[in-house]
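Asker: For what it's worth, the working numbering labels the leading residue of the sequence shown as 723, then goes sequentially. Before anything else, here's the structure in question.
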Amino acid sequence: MTRVLLSVVLAASATAICGAAPVPMAKKPQWLIVSARSGSANLYLYTDGEAEPKTLTDDKSNNSYPAWSPDGQTVAFCSDRDGPMHIFTMTADGKKVTQLTRGELMCRVPTWSADGKTLAFCRRTAAGSSEVCTIPAGGGDPKPIDLGGDAWDPAFSPDGKKLAFVSFRDGTGFRLYVADADGKNVTKLTDDPNPTGFGYPAWTPDGKTIAFGHGGGDGLNVHTVGADGKGAKQLTQAGGLTVYPAWSPDGKKLAYFSQTTGDKGAFYVADADGSNAKEVAKDESPVEGGRPVWRPK
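Written as structure tokens, this is what we have:
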């Protein structure tokens, strides 16, 4: 299993974690993207209708896997600025950067609990697989969650009671799973194997549906499935590398990245059913962890 490294990152809860004044919300929709336009992966804040994004990280290292805190004041993200990829947080204006994880084992894909007090993430194991761990949002010791096998790309449900993740445990490809937040009651939601990866599940705000990247030799597309494993649908038809779904705060829109030809792709925003896709950032190189994320309302 080869996983490319680079990406984008976000998080929230600046007041509680960093002691800073709240960063004002914009009246227009905002989302973070990861872009390699500077030669390395950095995080940019886009505001709907504005031509130029705001740069949140400006670094020669790679910064990716953004995740907003529930209050929209803090961004969790990953960076390799000090060696292996690790989890960091910063205020929504790109300041007050704090490193949460350390060591030789790479850590990626942060996701916030509903109360903003905990982050889950996946950590490389010494055997080369992946496990999901949690850590207090203010810092502390990571604690592994026993999910019954390898686990990648965790995503907390909106109420914080469930974790969606993907796993290669069946040996033929990645499949989507869901479990209780403490690791109990692991349930497989998809049967078809995805040999490529790039699953990155994303819950709808009502917690009823999960979007994820899925596909085979003909490329990856954005799919959805009910949290109960029913009602599977394919939302995009572009193929290539069409991944990183992210729902708007009201669940009416879906953002994603798509690269179908050449070495460049674009970020799109579409209706929740995948229709009426609009290009919002073009000529972007694919970056693992380069998921777009909406700022919470």
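Glycine included, every Cβ here is placed at the ideal spot set by N, Cα and C. Bear in mind the structure is a predicted one, so any value in this text is a computation, not a measurement.
To the nearest whole angstrom, what separates the beta carbons of Ala836 and Val854, a pair I think is in contact under 8 Å?
Answerer: Contact flag wrong, Cβ pair sits at about 17 Å.
Asker: Extract the residue ranges of the beta strand (DSSP E) inside the stretch 899–959, only unbroken runs of 3 or more that lie entirely within it.
Answerer: Under the rule that a run must span 3 or more residues, the beta strand (DSSP E) segments found entirely inside the stretch 899–959 read 931–938 and 941–948.
Asker: Which residue wins for smallest C-alpha separation from His945, given the options Thr811, Trp753, His936 and Gly850?
Answerer: His936
Asker: Counting only the same chain and skipping the five closest in sequence on each side, list residues whose C-beta sits under 7 Å from that of Leu767.
Answerer: Gln752, Leu754, Pro775, Lys776 and Leu778
Asker: In angstroms, rounded to a whole number, what distance separates the CA positions of Ser787 and Val831?
Answerer: Correcting the residue type first, residue 787 is Tyr in the shown sequence and not Ser. Tyr787 and Val831: Cα-Cα distance of roughly 5 Å.
Asker: By a C-beta neighbour count over all protein chains shown, 10 Å radius and 16 as the cutoff for buried, is Asn907 buried or exposed?
Answerer: exposed
Asker: State the CB to CB distance for the pair Ser852 and Trp874, rounded to an integer number of angstroms; the pair is presumed to be in contact (CB under 8 Å).
Answerer: 5 Å
Asker: Does Asp892 get closer than 8 Å to chain C when you measure Cβ to Cβ?
Answerer: Protein chain content of the structure displayed is limited to a single chain, and chain C is not contained in it.
Asker: Take the Cβ of Lys974 as the centre, count every other Cβ of all protein chains shown within 10 Å, and call the residue buried at 16 or more, exposed below.
Answerer: exposed
Asker: State the CB to CB distance for the pair Thr796 and Thr813, rounded to an integer number of angstroms; the pair is presumed to be in contact (CB under 8 Å).
Answerer: Indeed, because the Cβ distance is near 6 Å, the residues count as touching under 8 Å.
Asker: How about Arg846 and Met828: do their beta carbons lie closer than 8 Å?
Answerer: yes
Asker: Please look up how many angstroms separate the CB atoms of Leu885 and Phe878, rounded, as I've assumed it's under 8 Å.
Answerer: At roughly 6 Å, the Cβ-Cβ gap stays under 8 Å, so Leu885 and Phe878 are in contact.
Asker: Span of the beta strand (DSSP E) holding Asp993?
Answerer: Gly987 to Asp993
Asker: Does the beta-carbon distance from Val991 to Phe920 come in below 8 Å?
Answerer: no
Asker: Quick one: Cα of Arg725 to Cα of Pro917, how far?
Answerer: At Arg725 the pLDDT is 41, less than 50, meaning the model places this residue with poor confidence; the figure from the coordinates comes in the next sentence. Rounded to the nearest whole angstrom, the CA to CA distance from Arg725 to Pro917 is 11 Å.
Asker: What number of angstroms, rounded off, separates the C-alpha of Phe979 from the C-alpha of Thr926?
Answerer: 17 Å
Asker: How big is the Cα-Cα spacing for Asp815 and Thr894?
Answerer: Approximately 42 Å, taken between the alpha carbons.
Asker: Where does Thr779 fall in DSSP's three states?
Answerer: coil
Asker: Does the separation of the CB atoms of Pro971 and Trp1016 fall below 8 Å?
Answerer: yes
Asker: Which residues in the same chain as Lys952 place their Cβ atom closer than 7 Å to its Cβ, once the five residues preceding and following it in sequence are excluded?
Answerer: Around Lys952: no qualifying Cβ.
Asker: For Ala949 and Gly882, what's the separation of their Cα atoms in angstroms?
Answerer: 14 Å
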